[in-house]
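*Asks:* In the working numbering, the protein residues as written are 197 to 455.
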(Lines of atoms letter the chains of each structure in order from A; the text may use other names.)
(Lines give C-alpha, C1' and ligand atoms only; values in the text may rest on other atoms or scores of the structure.)
Protein backbone atom coordinates (compact mmCIF):
# COMPACT_ATOMS: atom_id res chain seq x y z
CA UNK A 197 0.00 0.00 0.00
CA UNK A 198 2.87 2.39 0.75
CA UNK A 199 4.17 1.75 -2.78
CA UNK A 200 0.80 2.81 -4.15
CA UNK A 201 0.92 6.09 -2.18
CA UNK A 202 4.52 6.69 -3.24
CA UNK A 203 3.61 6.14 -6.88
CA UNK A 204 0.71 8.60 -6.60
CA UNK A 205 3.00 11.21 -5.04
CA UNK A 206 5.59 10.75 -7.78
CA UNK A 207 2.99 10.98 -10.52
CA UNK A 208 1.47 14.12 -8.98
CA UNK A 209 4.90 15.77 -8.85
CA UNK A 210 5.71 14.76 -12.41
CA UNK A 211 2.36 15.95 -13.75
CA UNK A 212 1.35 12.48 -14.92
CA UNK A 213 -1.62 12.84 -12.58
CA UNK A 214 -3.37 16.14 -13.25
CA UNK A 215 -5.35 18.11 -10.65
CA UNK A 216 -8.49 19.65 -12.17
CA UNK A 217 -10.26 22.48 -10.35
CA UNK A 218 -14.04 22.07 -10.61
CA UNK A 219 -14.83 25.21 -8.59
CA UNK A 220 -16.34 28.56 -9.56
CA UNK A 221 -14.77 31.74 -8.17
CA UNK A 222 -16.63 32.93 -5.07
CA UNK A 223 -17.39 36.64 -5.00
CA UNK A 224 -20.14 39.28 -4.82
CA UNK A 225 -21.36 38.39 -8.33
CA UNK A 226 -21.63 34.65 -7.63
CA UNK A 227 -25.18 33.52 -8.61
CA UNK A 228 -27.24 32.10 -5.76
CA UNK A 229 -30.64 30.45 -5.57
CA UNK A 230 -33.59 32.83 -5.16
CA UNK A 231 -36.67 31.26 -3.57
CA UNK A 232 -40.11 32.93 -3.80
CA UNK A 233 -40.33 35.30 -0.86
CA UNK A 234 -43.89 34.19 -0.06
CA UNK A 235 -42.67 30.68 0.82
CA UNK A 236 -39.13 31.08 2.11
CA UNK A 237 -36.37 33.39 3.27
CA UNK A 238 -33.27 33.66 1.08
CA UNK A 239 -29.63 33.64 2.09
CA UNK A 240 -27.50 36.73 1.77
CA UNK A 241 -25.22 36.96 -1.27
CA UNK A 242 -21.49 36.65 -0.74
CA UNK A 243 -19.86 39.76 0.68
CA UNK A 244 -16.42 40.47 2.13
CA UNK A 245 -15.36 43.27 4.44
CA UNK A 246 -11.70 44.08 4.88
CA UNK A 247 -10.37 43.92 8.45
CA UNK A 248 -6.87 45.09 7.64
CA UNK A 249 -4.40 45.17 4.76
CA UNK A 250 -0.90 46.07 5.88
CA UNK A 251 -2.21 49.27 7.48
CA UNK A 252 -2.98 50.84 10.87
CA UNK A 253 -5.56 48.10 11.57
CA UNK A 254 -2.97 45.40 11.00
CA UNK A 255 0.44 46.51 9.73
CA UNK A 256 1.77 43.14 8.59
CA UNK A 257 -1.30 41.19 7.60
CA UNK A 258 -4.30 41.15 5.28
CA UNK A 259 -7.60 39.48 6.20
CA UNK A 260 -11.36 39.84 5.74
CA UNK A 261 -14.72 39.01 7.26
CA UNK A 262 -17.01 37.05 4.92
CA UNK A 263 -20.81 36.84 4.90
CA UNK A 264 -22.67 34.22 2.86
CA UNK A 265 -25.10 31.34 3.05
CA UNK A 266 -23.84 27.79 3.41
CA UNK A 267 -25.11 26.98 -0.09
CA UNK A 268 -23.33 29.72 -2.02
CA UNK A 269 -21.27 29.19 -5.16
CA UNK A 270 -19.71 25.78 -5.64
CA UNK A 271 -21.06 24.06 -2.55
CA UNK A 272 -21.70 20.81 -0.72
CA UNK A 273 -25.17 19.66 0.38
CA UNK A 274 -25.16 17.53 3.53
CA UNK A 275 -28.07 15.19 4.36
CA UNK A 276 -29.47 17.47 7.09
CA UNK A 277 -29.92 20.19 4.45
CA UNK A 278 -33.28 18.55 3.63
CA UNK A 279 -36.07 17.49 5.94
CA UNK A 280 -35.80 13.92 4.62
CA UNK A 281 -32.25 13.66 6.02
CA UNK A 282 -32.70 15.61 9.23
CA UNK A 283 -32.38 12.65 11.63
CA UNK A 284 -29.05 11.20 10.48
CA UNK A 285 -26.48 11.54 13.30
CA UNK A 286 -23.69 11.68 10.70
CA UNK A 287 -25.62 13.98 8.37
CA UNK A 288 -23.94 17.33 9.14
CA UNK A 289 -20.75 18.71 7.67
CA UNK A 290 -18.97 18.11 10.98
CA UNK A 291 -20.04 14.46 11.33
CA UNK A 292 -19.76 13.09 7.77
CA UNK A 293 -17.03 10.40 7.71
CA UNK A 294 -13.94 11.74 5.95
CA UNK A 295 -13.70 8.51 3.95
CA UNK A 296 -16.89 9.52 2.13
CA UNK A 297 -15.34 12.74 0.81
CA UNK A 298 -12.95 11.13 -1.69
CA UNK A 299 -14.11 8.74 -4.36
CA UNK A 300 -14.31 7.78 -8.04
CA UNK A 301 -16.30 9.98 -10.40
CA UNK A 302 -18.70 8.94 -13.15
CA UNK A 303 -19.29 11.85 -15.53
CA UNK A 304 -22.45 11.65 -17.63
CA UNK A 305 -22.21 14.04 -20.58
CA UNK A 306 -25.58 15.77 -21.13
CA UNK A 307 -24.12 18.91 -22.72
CA UNK A 308 -25.61 18.40 -26.18
CA UNK A 309 -29.07 17.68 -24.78
CA UNK A 310 -28.88 20.71 -22.49
CA UNK A 311 -27.79 23.02 -25.31
CA UNK A 312 -30.91 21.95 -27.20
CA UNK A 313 -33.21 22.11 -24.17
CA UNK A 314 -32.25 23.94 -20.95
CA UNK A 315 -35.00 22.00 -19.11
CA UNK A 316 -33.44 18.66 -20.10
CA UNK A 317 -33.99 15.88 -17.56
CA UNK A 318 -31.70 12.90 -17.08
CA UNK A 319 -33.67 9.69 -16.54
CA UNK A 320 -32.77 6.25 -15.23
CA UNK A 321 -32.77 5.02 -18.83
CA UNK A 322 -30.26 7.75 -19.67
CA UNK A 323 -27.97 6.53 -16.89
CA UNK A 324 -28.35 2.93 -18.05
CA UNK A 325 -27.43 3.95 -21.62
CA UNK A 326 -24.30 5.63 -20.21
CA UNK A 327 -23.47 2.41 -18.30
CA UNK A 328 -23.85 0.37 -21.48
CA UNK A 329 -21.02 2.42 -23.00
CA UNK A 330 -18.83 3.08 -19.97
CA UNK A 331 -19.41 0.29 -17.49
CA UNK A 332 -21.55 -0.15 -14.42
CA UNK A 333 -21.61 2.59 -11.80
CA UNK A 334 -19.95 1.15 -8.70
CA UNK A 335 -21.01 1.65 -5.10
CA UNK A 336 -19.22 4.57 -3.50
CA UNK A 337 -18.99 6.54 -6.75
CA UNK A 338 -19.98 10.15 -7.33
CA UNK A 339 -22.27 10.67 -10.32
CA UNK A 340 -21.73 14.04 -12.03
CA UNK A 341 -24.09 15.48 -14.65
CA UNK A 342 -22.07 17.42 -17.20
CA UNK A 343 -24.02 20.21 -18.92
CA UNK A 344 -21.35 22.90 -19.57
CA UNK A 345 -23.91 25.20 -17.93
CA UNK A 346 -21.59 28.09 -17.03
CA UNK A 347 -20.16 28.25 -20.54
CA UNK A 348 -23.63 27.92 -22.05
CA UNK A 349 -25.45 30.53 -19.96
CA UNK A 350 -22.71 32.76 -18.49
CA UNK A 351 -22.76 34.19 -14.98
CA UNK A 352 -25.31 36.92 -15.80
CA UNK A 353 -27.95 34.39 -16.89
CA UNK A 354 -26.83 31.48 -14.72
CA UNK A 355 -30.27 31.02 -13.14
CA UNK A 356 -32.05 31.32 -16.53
CA UNK A 357 -35.28 32.45 -14.87
CA UNK A 358 -38.44 33.93 -16.35
CA UNK A 359 -41.97 34.49 -15.04
CA UNK A 360 -42.44 30.71 -14.82
CA UNK A 361 -39.35 30.25 -12.67
CA UNK A 362 -35.81 29.04 -13.36
CA UNK A 363 -35.08 26.76 -16.29
CA UNK A 364 -32.08 24.46 -15.88
CA UNK A 365 -31.38 20.75 -16.36
CA UNK A 366 -31.40 18.11 -13.68
CA UNK A 367 -32.44 14.58 -12.76
CA UNK A 368 -35.81 12.88 -12.60
CA UNK A 369 -36.89 10.95 -9.52
CA UNK A 370 -36.34 7.66 -11.36
CA UNK A 371 -32.76 8.74 -12.12
CA UNK A 372 -32.01 9.52 -8.49
CA UNK A 373 -33.71 6.35 -7.23
CA UNK A 374 -31.66 4.30 -9.68
CA UNK A 375 -28.29 5.71 -8.62
CA UNK A 376 -29.24 5.37 -4.94
CA UNK A 377 -29.91 1.68 -5.61
CA UNK A 378 -26.40 1.50 -7.10
CA UNK A 379 -24.99 2.68 -3.75
CA UNK A 380 -23.48 5.94 -4.97
CA UNK A 381 -21.93 8.42 -2.55
CA UNK A 382 -23.28 11.59 -4.10
CA UNK A 383 -24.71 13.51 -7.04
CA UNK A 384 -23.17 16.62 -8.58
CA UNK A 385 -24.19 19.21 -11.18
CA UNK A 386 -22.93 22.37 -12.86
CA UNK A 387 -26.15 24.33 -12.21
CA UNK A 388 -26.95 26.44 -9.15
CA UNK A 389 -28.64 23.56 -7.32
CA UNK A 390 -28.69 19.78 -7.56
CA UNK A 391 -32.25 19.71 -8.92
CA UNK A 392 -33.69 20.95 -12.20
CA UNK A 393 -34.96 24.52 -12.25
CA UNK A 394 -38.59 23.37 -12.49
CA UNK A 395 -38.23 20.59 -9.88
CA UNK A 396 -40.67 22.21 -7.44
CA UNK A 397 -43.46 21.11 -9.80
CA UNK A 398 -42.34 17.49 -10.18
CA UNK A 399 -44.51 14.64 -8.85
CA UNK A 400 -41.68 14.09 -6.36
CA UNK A 401 -40.62 17.69 -5.72
CA UNK A 402 -36.87 18.32 -5.67
CA UNK A 403 -35.91 14.63 -6.09
CA UNK A 404 -32.15 15.18 -5.91
CA UNK A 405 -32.61 16.82 -2.53
CA UNK A 406 -35.44 14.80 -1.02
CA UNK A 407 -34.33 11.35 -2.22
CA UNK A 408 -30.55 11.68 -2.02
CA UNK A 409 -30.53 13.27 1.42
CA UNK A 410 -33.25 10.91 2.58
CA UNK A 411 -30.79 8.10 1.76
CA UNK A 412 -27.95 9.86 3.67
CA UNK A 413 -26.22 10.82 0.42
CA UNK A 414 -24.59 14.08 -0.62
CA UNK A 415 -24.86 16.76 -3.28
CA UNK A 416 -22.52 19.11 -5.15
CA UNK A 417 -23.74 22.18 -7.05
CA UNK A 418 -22.28 24.93 -9.24
CA UNK A 419 -19.42 22.77 -10.43
CA UNK A 420 -17.50 23.64 -13.59
CA UNK A 421 -14.92 22.09 -15.93
CA UNK A 422 -16.58 18.68 -16.02
CA UNK A 423 -15.68 18.68 -19.73
CA UNK A 424 -12.06 18.20 -18.60
CA UNK A 425 -12.84 14.88 -16.92
CA UNK A 426 -13.15 11.46 -18.55
CA UNK A 427 -16.38 9.51 -18.26
CA UNK A 428 -14.66 7.25 -15.72
CA UNK A 429 -11.24 7.03 -14.14
CA UNK A 430 -10.98 10.29 -12.19
CA UNK A 431 -11.01 10.74 -8.41
CA UNK A 432 -13.13 13.42 -6.75
CA UNK A 433 -12.05 15.27 -3.56
CA UNK A 434 -14.93 17.14 -1.89
CA UNK A 435 -14.38 18.04 1.81
CA UNK A 436 -16.81 20.74 3.02
CA UNK A 437 -15.90 23.08 5.84
CA UNK A 438 -16.29 21.30 9.17
CA UNK A 439 -19.09 23.55 10.42
CA UNK A 440 -20.80 22.44 13.62
CA UNK A 441 -24.21 21.04 12.62
CA UNK A 442 -23.64 22.50 9.15
CA UNK A 443 -26.15 21.78 6.39
CA UNK A 444 -23.51 22.40 3.74
CA UNK A 445 -20.71 24.75 2.80
CA UNK A 446 -18.84 26.34 -0.06
CA UNK A 447 -15.78 24.28 -0.95
CA UNK A 448 -13.05 23.87 -3.54
CA UNK A 449 -13.76 20.70 -5.48
CA UNK A 450 -10.75 18.98 -7.01
CA UNK A 451 -10.45 15.97 -9.30
CA UNK A 452 -7.41 13.82 -10.05
CA UNK A 453 -7.02 12.29 -13.49
CA UNK A 454 -4.21 10.54 -15.30
CA UNK A 455 -2.83 12.25 -18.39
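Note that beta-carbon positions come from the ideal geometry of N, C-alpha and C, so glycine has one too. Fair warning: this is a prediction, and the values are worked out from it, not measured in the lab.
Exposed or buried, what is residue 342 when buried is set at 16 or more other beta-carbons lying within 10 Å of its beta-carbon?
*Replies:* Along the chain shown, one-based indexing puts residue 342 at 146. Counting Cβ neighbours within 10 Å, residue 342 comes out buried, since at least 16 surround it.
*Asks:* If the criterion is Cβ atoms closer than 9 Å, does the pair residue 417 and residue 270 meet it?
*Replies:* Locating residue 417 in the chain shown gives position 221, counting from the first residue. Locating residue 270 in the chain shown gives position 74, counting from the first residue. It is a contact, given that the beta carbons lie within the stated cut-off.
*Asks:* Does residue 372 come out as helix, strand or coil in the three-state DSSP assignment?
*Replies:* Counting from 1 along the chain shown, the entry for residue 372 is found at position 176. Helix.
*Asks:* What number of angstroms, rounded off, separates the C-alpha of residue 429 from the C-alpha of residue 248?
*Replies:* Within the chain shown, the letter at position 233 stands for residue 429. Within the chain shown, the letter at position 52 stands for residue 248. Distance between the alpha carbons of residue 429 and residue 248 is about 44 Å.
*Asks:* What's the gap between the Cα of residue 265 and the Cα of residue 441?
*Replies:* Working through the chain shown from its first residue, we reach residue 265 at position 69. Working through the chain shown from its first residue, we reach residue 441 at position 245. So the alpha carbons of these two residues sit roughly 14 Å apart.
*Asks:* At 3 residues or longer, and completely inside the segment 280–315: list those beta strand (DSSP E) runs for me, N to C.
*Replies:* 298–305
*Asks:* Just to confirm the assignment: which complete beta strand (DSSP E) runs, minimum length 3, are found wholly within the segment 219–284?
*Replies:* 243–251, 254–263, 271–273
*Asks:* Taking C-alpha atoms, which residue in 338, 444, 220 lies nearest to residue 239?
*Replies:* Reading the chain shown from its first residue, position 43 is the one you call residue 239. Taking only the C-alpha atoms, the option nearest residue 239 is 444.
*Asks:* Checking the sheet assignment: what are the DSSP bridge partners for residue 342?
*Replies:* As a working note, residue 342 is residue 146 in the chain shown. Among the bridge pairs identified by DSSP, residue 342 is matched with 305.
*Asks:* Are the beta-carbon atoms belonging to residue 456 and residue 290 less than 9 Å from one another?
*Replies:* Here the chain comprises residues numbered 197 to 455, so residue 456 is not present and cannot be evaluated.
*Asks:* Determine the direct distance from the alpha carbon of residue 388 to that of residue 199, and round the result to whole angstroms.
*Replies:* Here residue 199 is taken as the residue at index 3 of the chain shown, counted from 1. Here residue 388 is taken as the residue at index 192 of the chain shown, counted from 1. If I take the Cα positions, the gap works out to 40 Å.
*Asks:* In the DSSP assignment, the alpha helix (DSSP H) including residue 321 goes from what residue to what residue?
*Replies:* Within the chain shown, residue 321 is the residue found at index 125, counting from 1. Where residue 321 is concerned, the enclosing alpha helix (DSSP H) stretches over 320–330.
*Asks:* Could you check how far apart the C-beta atoms of residue 346 and residue 420 are, in whole angstroms? I think they sit under 8 Å.
*Replies:* Along the chain shown, read from residue 1 onward, the residue named residue 346 stands at position 150. Along the chain shown, read from residue 1 onward, the residue named residue 420 stands at position 224. With 8 Å as the limit, residue 346 and residue 420 qualify as a contact, their Cβ atoms being about 5 Å apart.
*Asks:* Quick one: is residue 314 buried, meaning 16 or more other Cβ sit within 10 Å of its Cβ, or exposed?
*Replies:* As a first step, residue 314 is located in the chain shown; it is residue number 118 there, counting from the start. The residue in question, residue 314, is buried, as its Cβ has 16 or more Cβ neighbours within 10 Å.
*Asks:* Looking at C-alpha atoms only, which residue of 226, 328, 377 is the closest neighbour of residue 337?
*Replies:* Numbered from 1 along the chain shown, position 141 holds the residue referred to as residue 337. Considering only alpha carbons, the answer is 377.
*Asks:* Residue 206 lies in the beta strand (DSSP E); which residues open and close that run?
*Replies:* The sequence position of residue 206 within the chain shown is 10, counting from 1. In the DSSP assignment, residue 206 falls outside any beta strand (DSSP E) and within the unbroken alpha helix (DSSP H) covering 198–210.
*Asks:* Report the option in 381, 254, 368 whose CA atom is closest to the CA atom of residue 320.
*Replies:* Sequence index remark: in the chain shown, residue 320 carries index 124 (1-based). Among 381, 254, 368, the Cα nearest to that of residue 320 is on 368.
*Asks:* Could you work out which residue in 323, 327, 262, 284 is closest to residue 223 when comparing CA atoms only?
*Replies:* Within the chain shown, residue 223 is the residue found at index 27, counting from 1. For residue 223, the closest C-alpha among the options 323, 327, 262, 284 is that of 262.
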